[in-house]
Amino acid sequence: DDIASSPPPPAARCETEEDLDFSSCDLKHLSKEALRNICLRLGLRLEEHIFPILDSEIGVNEDGASEMTKYVWAAQECLSIEIEVDEMEDEDPEGLEALERAMLDEDPQLLADILAEVLEKNPDLLNDLEAELKREDPEHYQGMIEELSEGEALIDRPELVADLISLMLAENPDYMDVINEIDEDIAYEHEDETDPARAGKEELRQEL
Numbered sequence: 001d002d003i004a005s006s007p008p009p010p011a012a013r014c015e016t017e018e019d020l021d022f023s024s025c026d027l028k029h030l031s032k033e034a035l036r037n038i039c040l041r042l043g044l045r046l047e048e049h050i051f052p053i054l055d056s057e058i059g060v061n062e063d064g065a066s067e068m069t070k071y072v073w074a075a076q077e078c079l080s081i082e083i084e085v086d087e088m089e090d091e092d093p094e095g096l097e098a099l100e101r102a103m104l105d106e107d108p109q110l111l112a113d114i115l116a117e118v119l120e121k122n123p124d125l126l127n128d129l130e131a132e133l134k135r136e137d138p139e140h141y142q143g144m145i146e147e148l149s150e151g152e153a154l155i156d157r158p159e160l161v162a163d164l165i166s167l168m169l170a171e172n173p174d175y176m177d178v179i180n181e182i183d184e185d186i187a188y189e190h191e192d193e194t195d196p197a198r199a200g201k202e203e204l205r206q207e208l
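Below, the structure is given as structure tokens:
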């Protein structure tokens, strides 16, 4: 059915992904910008990555669905992808690694684009990767620094880090292990912090 944006109860805050509980605050209560940001957090762009998937699966561009409906479906698709990746990390890490390598072989620029989006949302990961790049490949790192404008830092240009990582992965796919290790270290450092963005993930898992 077509989905119209429906406001939550007046007393409830329901403006961002962090507010989701999938009962009093559901995806359909969020704005299109908030729904788009759910996908951007994962490094996924609606027009480039998600709408084509939805169109191939359910003909989203042919069934007359409203724009709001498409955004809700897209956000749900992004959260479903995140759940599937989480499950693969736990149950089949080798399969996930093979998927990452296949993605790199098929479209290195797509991987660079996704990395750039993820790094933009995760400055801790960007800073750790910068230190790793400086240590592992100082020549390429210096070339990347020279591309910065006066007053800019790499935190302002995550796409430069993403492009360099993509290049290094193309030359040595095993570098993905380094990226995963850094990401796991950051997750461990923050494991005791409340993560409201994932508070309703189990409810969504049951719905899908």
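Letter by letter, the sequence shown follows residues 1 to 208 of full-length UniProt numbering. We treat Cβ as the ideally placed atom computed from N, Cα and C, and that holds for glycine. Note that the coordinates shown come from a computational prediction; the quantities given were computed from them, not determined experimentally.
To the nearest angstrom, report how far apart S23 and A34 are at their CA atoms.
-> Residue numbering aside, residue 23 sits at position 23 when the sequence shown is read from its first letter. Residue numbering aside, residue 34 sits at position 34 when the sequence shown is read from its first letter. Their Cα atoms are separated by approximately 17 Å.
Contact check, N37 vs E67, beta carbons under 8 Å | Along the sequence shown, one-based indexing puts residue 37 at 37. Along the sequence shown, one-based indexing puts residue 67 at 67. No. Outside cutoff.
For E152, does the three-state DSSP call read helix, strand or coil?
-> Mapped onto the sequence shown, residue 152 falls at position 152. The answer is coil: DSSP assigns E152 none of H, G, I, E or B.
Nearest CA to the CA of L42: which residue from S166, S149, H29 and N122?
-> Walking along the sequence shown from the start, residue 42 turns up at place 42. Per the Cα distances, N122.
Take E202 and list the residues in its own chain whose beta-carbon comes closer than 6 Å to its own, dropping the five residues that flank it on each side.
-> Counting from one through the sequence shown, the residue named residue 202 turns up at place 202. With a pLDDT of only 48 at E202, under 50, the local geometry of the prediction cannot be trusted, and the value read off the model is given with reservation. Cβ within range, chain order: n/a, list empty.
L46 versus L133, D156 and E77, residue with shortest Cα-Cα distance | As a working note, residue 46 is residue 46 in the sequence shown. That would be E77, whose Cα lies nearest to the Cα of L46.
If you run the structure through DSSP and keep just helix, strand and coil, what is N37?
-> Within the sequence shown, residue 37 is the residue found at index 37, counting from 1. Note: N37 maps to helix in three-state DSSP.
State the Cα-Cα distance for the pair D168 and K32, rounded to the nearest angstrom.
-> Within the sequence shown, residue 168 is the residue found at index 168, counting from 1. Within the sequence shown, residue 32 is the residue found at index 32, counting from 1. Per the sequence shown, the amino acid found at residue 168 is Met instead of Asp. Rounded to the nearest angstrom, the two C-alpha atoms are 36 Å apart.
Unbroken stretches of the beta strand (DSSP E), 3 residues or longer, contained in the stretch 67-133 | none
Return the CA-CA distance between V118 and L44, expressed in angstroms with no decimal places.
-> Indexing the sequence shown from 1 puts residue 118 at position 118. Indexing the sequence shown from 1 puts residue 44 at position 44. Answer to the nearest angstrom: the Cα atoms are 9 Å apart.
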